[in-house]
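Everything below concerns the one structure shown next.
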Amino acid sequence: MAAPTVEYTIGGVKIQFPCKAYPSQLAMMNSIVRGLNHGQHCLLESPTGSGKSLALLCSTLAWQQAQYVAPPSEPKSQSLASRLSEKLKTSSPTSDRGKDDDDFQQHKKRIRTPATEQKVKMSGYFVLLCVPQSPLVSCSLCPCAMAKGGQKAAEGKSSKDAKKKQVPKIFFGTRTHKQITQVTHELKRTLYSSTPMTILSSRDHTCVHPDVVPHSNRNERCKELLEAKNGMTCRFKNGVHKMQDQNTLQWVHGLHQAWDIEDLVGLGGRLRACSYYAARDLMQDACIVFCPYNYLLDPLIRESMQINLDGQIVILDEAHNIEDCARESASYTLNRPQLLSAREELDGMVTHNIRPSHHEPLRAFCCSLLKYAVLAERDFETSCKVWDGREVLGLFYTMGITADTFGMLQKHLEAALEKEERVGLVNGREETVEVSTISSATSSVLKSLFMVLDFLFRDKSRFAEDYRVALQQSYMWTVAPDVPDPQGFFTRPNRRRPGARSKALVYTLSFWCLNPAVAFSDLSGRVRCIVLTSGTLSPMGSFSSELGVKFSIQLEASHVISKSQVWVGTLGSGPQGRKLCATFQHAETYAFQDEVGALLLRVCQAVGRGVLCFLPSYKMLDKLCDRWTNTGLWNKLEERKTVIKEPRGGGKGDFDELLQIYYDAIRISGEATGDRALLMAVCRGKVSEGLDFTDDNARAVVTIGIPFPNIKDLQVELKMKYNDQHCKARGLLSGSRWYEIQAYRALNQALGRCIRHKNDWGALILVDERFGNNPNRYISGLSKWVRNLVKHHDTFGAAMQSLVCFSQCQQGAGERHGAASQPFNSTDIMPPASLSPVTVEELSSCHPSQSPSTDSLLWATVHNTTASQASAPNTQLEVPRSWVHPETAGSTGVIFIFMYIHIDILLNKFCGGSWSTLRGLIGVSVDN
C-alpha cells in the first residue's frame, strides 16, 4: 500500500506526490506540465539525488490521467486581466456558477456531487463511475463497461479504443537497463504504481528458454527455434498468451505494483512463457513504456519493435549523451568480409532460382559497392579516404543508384525479407512455419545500408551534407588455426606458443552522420512532447542547435543539499609543489605521474570510506598503474585501501564482480580492507554511467585532468570541421566549442557519482592547474550546483587542511545524527566530577596560537559569545581547570571550552537548536 501522499495542483493538473516535494522537484513538475499542456519540448537539468525520477513520473502520469477524465473541449486561453474581470463577476451572488472554471475558481472536481458520479481507484488511476448521461467521460472508461454484453459491450470497446488513441502513451527512455530498474523502483513508491506498463528489452535480458540462455548469440539461436530449423520450435513462444494481457498480468499473476524486468523474466520462467514477446505485446495497452533510449532513436529498432511515436510523449532521461546516440543511430560501419558474405549469399539465391527477380538487383548493388571500394583502395595515400555526402551521391549515380532507382531497390528488399511458409516436422508433428529466405547477418547488412541511403536521398537529399563516408584500412589480430598434417595429426613446433597471432589488413567502410538532428527529425515532427533531462546537461546551449529542436522550456534546478555537505576544490599542484596539467605532453612524464600518485595517496589518507578516481582515458590509467607498481606507490595505496581498477573490456559479469568487491570492502571494515576502498576508473567508462555510489561508497571523487575526446580520432576531426563549416548558417557551435563541451559533459557525469540524496555528503576534487588559471573557460562548463561552490586552492597543503576539516566534521556529524533531535546536555561530553569553576575573566585571557588557522576564527566566536552572554566578569563556568592553565591556554583549549559550554548558546540562540545548522555555521565560518 502506498504511503500517504501530498497533493499538488500544477497547471490545472492534480499531482499525487509520495512526500513533500523539494523546490527543484516542484520546478521540474511545473516545467513538464507546461510542456505537456502546450505541446512544447523541455530541456531540464536537475542534479543527481534531487528526486528527478519521481518528479518525471508523477507529473507525466498525473497529466496523462487527467486526459482520461478531461472534457473534450478545452477553454480558450485568457489574459490575466480578463480572468480577473471574470473573477469579479462570478463573485457576485447573482453570477452564474455554471460557467467554465478559470484559474481563479474552485476546481470542478471539488464540487462534483456523489449523486451522479463516484471517484474510485482502478489500475492505479482515478477514474469515474459515471451514469450514462455524464457529459464528461464515456462509460467505457469505468468498470461498469466490463459487465455489459452484446452490442453495448462492442460499442463500449470501440469507444474505449477511440478514446485511448487520443491519450498519448509515455515512452520513458534511459541509457541502460540498470537505470530502468532504478526508475521502476521509484514508480513503485508512488500512487501511480499500478499504471499499466511494460519494459522493452533485448533477448539477452529477457529470454528464459533453457536452450537459448547458454548461447553467446541468443538472437540467432532464438530465430532458429522460431523457424524450427532442427525440427524443434520454441515452446515458450507458444505460451506467450499466458502473460500478454495487462489485466491478466495484474490480477491473475499478481504484478499489481510497478515491476522490473527481472519480475517479468521470473514469471515467464514459472509459466513457461516467453517474456521477450510478452513485453512487446504488453505495449499495446500500456500507459507507460520503459526502454533504452536507442530503441526510440534508432529507426531499425523502432521498426523491429513496432514502436509508433506519433503523438506520444517521449522522455529521455540521462540524456547527456543523446547527441552521440542520435549520430550513431543514423550511422553505419561495415567491413569487406561482411559485404562479401552478403554478395555470396545473394549469389546463391539467384543461382538456385529463389526469388531471383528480387535478389538479383540486391546482388548487383553489393557488387557495385565492392567494385567501388576496391577501386578506391588503389588511390590510398594515407590510411583512409573520406568523401562528403554530395560526392557519395555522385558516386552512387555512376553505379545507377538514384532517388528513383533506390525506391525500387527498397521494394526489392521488402520482398526479399518476407518469410516463406514451409511445411515440416515440428516436435514430431507436421506443421507450417515461417522461414526467412536470407540469413539474419545479410538482412542486417542490407537493412542498415538502406537506412543510411534513405537518409541520404530523403527530401531531395537535404541530409546529404550531414554525412561523411570514410574508407579506412587497419590491422586486426587473428589467431592462426592449427592445420593437420597429411596423416591427420595436429603438430606444433615446441618453439611456437599456442594461439600465435598474426596481423591481417582489414578495410572498413563507414557512413558517419555528423548531425544528430538527422535521426532526431523522425521524433521532433511526430511526437507531442520531448522531455530531455539529466543531472549533467550543462552546458545546455548546444542541444537546441545540435538536435534541431526548439526547447521552449529550459530549467537548471538547484541541488537539495546545503553548501556545507559538499567540498568542491581545484588543485593545480601536488604535495611536492609540482604543477599538474594533464595534457598529453605533461602526462607522459614520470614527474607528473609520481606527483599524481602522491596526491591520490594523501587524499586517501584524508578521506575515509570510498574514494573514486577518474582519469581521461584507459591509456592514462594503464600508464599510471604501471608506473606506480614500479615505484612501490601502488603497494602504499593498497596498504591504505582496497584498490580496484576498472577493466577496459570484458563481460558484464566480470565488471559486476569487481564492483561487488569494492562495495564489500566499503561495507566490511577491518585490517584486511584498511580504510575501505579506492576505485580507479575512466571518464565515459562503465563506472561513470548510471551507477549509484551512495553514502560511504563515494565520500570523495577525484578527477585528473579534463577528459577531452581524442583529437586524433578521425570522426572527432570530421565533426569539428563540420561544425566550423555550418556554425553560421545553422547556428551550430564552433568546432572547438563543441570539442570542449564533450569534455565538460564527461567531467560532470563523473562528478555526479557523489552526492546521491539530501543527507549525503562528499568532496569533489578537480586536479589540473587549468581550472585555476582560466576559470572563466573551464569552470563555466561545470554543472550549476558545482560551479557555484568551486574554490581554488593556491597550495596543496591548504587544500588538504580544508579537506581534512570537512571530512572530520561530516563524519562527526554523522555519528551524532541519531542524537540530533535530543536536547543538548553538557554532562554528555564531560562528567561533573572532572569540572571546576572558571570565570569569564580567565576565559578572556586565553588567546589563539600565532599560526593562522581555523582555530582563530573559532576563538573569536567563543570570545565574543562568552563576553556577551555573561552577566558579570566573575561569573563562574564549570569547565576542567586544566583547559585554561597558562601553558594550555592556546587555541586548542578555547576550542574545547567552546565545544563544551557554549555550544548550547549557539544551538539555541543562533541555530534554533539544530545541529545541522550549527555545522553549517561553523563550515561557513571556516571557509570564509
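Residue numbers for the sequence shown follow full-length UniProt numbering, so the first one is 1 and each next one is one higher. Backbone N, C-alpha and C define an ideal beta-carbon position, used for all residues, glycine too.
| query | result |
| --- | --- |
| Residue range of the beta strand (DSSP E) that includes M349 | First-last for M349: 336-351, but that is the alpha helix (DSSP H), not the beta strand (DSSP E). |
| S474 - DSSP class collapsed to helix/strand/coil | strand |
| Where the beta strand (DSSP E) containing H793 begins and where it ends | 791-793 |
| Proximity test, I10 beta-carbon vs the ligand FMN heavy atom, cut-off 8 Å | Absence of the ligand FMN is noted for the structure shown, with no ligands found whatsoever. |
| Helix, strand or coil at D260 [DSSP, three-state] | coil |
| Neighbour-count burial assignment, T398, 16 or more Cβ in a 10 Å radius | exposed |
| Whole-angstrom distance between F771 and Y507, CA atom to CA atom | 42 Å |
| Nearest residue (CA-CA) to I313, options I668, C384, K169, I741 | K169 |
| Where P356 falls: helix, strand or coil (DSSP) | helix |
| Under the three-state DSSP convention, the category K636 falls into | helix |
| For E646, the first and last residue of its enclosing beta strand (DSSP E) | No beta strand (DSSP E) holds E646; DSSP gives it neither H nor E. |
| Spatial neighbours of Y22 in its chain, beta-carbon cut-off 7 Å, leaving aside the 5 residues before and after | S50, G51, V560 |
| Sequence-distant residues of the same chain with beta carbon closer than 8 Å to Q179, five excluded per side | D317, E318, G690 |
| Residue from S436, R390, L346 whose Cα sits closest to the Cα of R468 | R390 |
| Closer than 9 Å to chain B by CB, L789 | Although the question refers to chain B, the structure presented lacks it and comprises just one protein chain. |
| Own chain, CB closer than 8 Å to M540, minus 5 neighbours either side, in chain order | L43, E45, Q554, E556 |
| Delimiting residues of the beta strand (DSSP E) encompassing S534 | 529-534 |
| Proximal residues to T536 (C-beta, below 7 Å), its chain only, five neighbours per side dropped | H320, R745, N748, Q749, G752, S783 |
| Distance CB(C754)-CB(V566) smaller than 9 Å | yes |
| Cβ neighbour criterion (16 or more within 10 Å) applied to E323 | buried |
| Own chain residues within Cβ distance below 8 Å of E887, not counting five before or after | Any reading at E887 is ruled out, since the residue's pLDDT is 40, under 50, leaving its predicted position unreliable. |
| Rounded separation between H205 and I261 - CA only | 8 Å |
| Residues near residue 993 in its chain [Cβ-Cβ closer than 6 Å; skip 5 each side] | No statement about residue 993 is possible, as the shown extent of the chain runs from 1 to 928 and does not include it. |
| Beta-carbon proximity of L615 to G705, cut-off 9 Å | yes |
| In DSSP terms, what T174 is bridged to | P292 |
| Start and end residues, alpha helix (DSSP H) containing V314 | No alpha helix (DSSP H) holds V314; the beta strand (DSSP E) holding it covers 313-316. |
| Beta-carbon proximity of F693 to R756, cut-off 9 Å | yes |
| Cβ-Cβ distance between L679 and L612 below 9 Å | yes |
| Boundaries (first-last residue) of the alpha helix (DSSP H) holding G394 | 389-398 |
| First through last residue of the alpha helix (DSSP H) which encompasses T629 | 618-631 |
| Straight-line gap, L764 to C274 (C-alpha atoms, nearest Å) | 46 Å |
| Proximity winner among T437, D404, N710, relative to E740 (alpha-carbon distances) | N710 |
| Limits of the unbroken beta strand (DSSP E) element including C42 | 42-45 |
| Distance between beta carbons of A278 and F520, contact taken as under 8 Å | Going by Cβ atoms, the distance from F520 to A278 rounds to 30 Å, so no, they are not a contact pair. |
| Reduced DSSP secondary structure (H/G/I, E/B, other) of G569 | strand |
| Simplified DSSP state of Q284, which is helix, strand or coil | coil |
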